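Protein chains in written order, with the working numbering: chain G, 604 to 714; chain Y, 158 to 271.
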Amino acid sequence: TQLLEQSPQFLSIQEGENLTVYCNSSSVFSSLQWYRQEPGEGPVLLVTVVTGGEVKKLKRLTFQFGDARKDSSLHITAAQTGDTGLYLCAGARSSNYQLIWGAGTKLIIKP
Amino acid sequence: EAGVVQSPRYKIIEKKQPVAFWCNPISGHNTLYWYRQNLGQGPELLIRYENEEAVDDSQLPKDRFSAERLKGVDSTLKIQPAELGDSAVYLCASSPSGNPYEQYFGPGTRLTVT
């Protein structure tokens, strides 16, 4: 059973379009992280959200942590081909310092 | 600053053979992780080290997997003997003291067991 559900599993859109991907759980996390992973590479940390309702922006990427700290979303505005990759979310539990990982959303931006 | 270094990048072995992976974390990072990532899945923690001590190895299949971090810097992960189901990408990550959730990953070793 996946404790963190990411949706959609796969998304293919045209360059310039907007998109949102989701990370949902029934568990509360002390913080949540988003990573991007490109083929043949390890995940790269994009952002950490800590406070319920928190919104963080990274250029065209907007990350939001749910009020109850159980879910998160990533919105990309005017997607570019360089945004292509696997987007992973990972929830942190302060009790054991372990990250709980989602299975990822594979995003393809077509030129 | 150099990132996390892993070698080899790719390894193909026959089942029942041994295999070892090496990781050099970011300088000054006391915490080191080994993960396994299957295709289409997120990383799965195998073991976490604080300096040279393995503080979480609950997910490590100890019948065939072993790991060491003798001087609290480099680490090796070994599988002996390998099974077909061990085919995956093995990722090493490190994090600075006091911030276990800020993890920096290496490029991984893609293992294929035939």
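Even glycine gets a Cβ: it sits at the ideal position worked out from N, Cα and C. Computed from a predicted structure; not experimentally measured.
Quick one: grab the DSSP three-state call for Gly-656 (chain G).
-> DSSP places Gly-656 (chain G) outside both helix and strand once states are collapsed to three, so it counts as coil.
CA-to-CA distance, Lys-235 (chain Y) to Val-270 (chain Y), given in whole angstroms | Looking at the two C-alpha atoms, the distance is approximately 14 Å.
Per-residue DSSP class, three states only, for Gly-229 (chain Y) | In the structure shown, the three-state DSSP call for Gly-229 (chain Y) is coil.
Where the region 638 to 658 of chain G meets chain Y: residues whose CB sits under 9 Å from a CB there = Flagged, chain order: Tyr-638, Gln-640, Gly-643, Glu-644, Gly-645, Pro-646, Val-647, Leu-648, Thr-651.
Roughly how many whole angstroms lie between the Cα atoms of Pro-165 (chain Y) and Pro-238 (chain Y)?
-> Taking the straight line joining both Cα atoms gives about 18 Å.
Under 8 Å Cβ to Cβ from Thr-604 (chain G), same chain only, skipping five residues before and after it: list those, please.
-> Note on Thr-604 (chain G): pLDDT 49, under 50, position unreliable in the model; no value is reported.
is_contact[Gly-669 (chain G), chain Y] using C-beta, thresh 7 Å = Output row for Gly-669 (chain G): interface = no.
Rank G:Val-650, G:Pro-714, G:Gly-705, G:Gly-645 by C-alpha distance to the C-alpha of Thr-665 (chain G) and give the top, closest one.
-> Here the closest residue by C-alpha is G:Val-650.
Say whether chain G places a C-beta atom closer than 7 Å to the C-beta of Glu-171 (chain Y).
-> Under the Cβ criterion of 7 Å, Glu-171 (chain Y) is not counted among the residues facing chain G.
Are the beta-carbon atoms belonging to Arg-193 (chain Y) and Tyr-247 (chain Y) less than 7 Å from one another?
-> Cβ distance < 7 Å, so Arg-193 (chain Y) and Tyr-247 (chain Y) count as in contact.
Among G:Gly-705, G:Pro-714, G:Ile-712, which has the Cα closest to the Cα of Glu-608 (chain G)?
-> Taking each of G:Gly-705, G:Pro-714, G:Ile-712 in turn and checking the Cα distance to Glu-608 (chain G), the smallest one comes out for G:Gly-705.
Please report how far the alpha carbon of Arg-672 (chain G) lies from the alpha carbon of Ser-633 (chain G), in whole angstroms.
-> A straight-line Cα-Cα distance of about 7 Å links Arg-672 (chain G) and Ser-633 (chain G).
Enclosing beta strand (DSSP E) for Tyr-167 (chain Y) [first to last residue] = Counting along the chain, the beta strand (DSSP E) containing Tyr-167 (chain Y) begins and ends at 167 to 170.
Note down, in chain order, each residue of its chain lying with its Cβ closer than 8 Å to the Cβ of Asp-213 (chain Y), except the 5 sequence neighbours on either side.
-> Taken in chain order, the residues that qualify are Leu-202, Ile-204, Arg-205.
For Pro-264 (chain Y), which three-state DSSP category applies?
-> Pro-264 (chain Y): coil per DSSP, three-state reduction.
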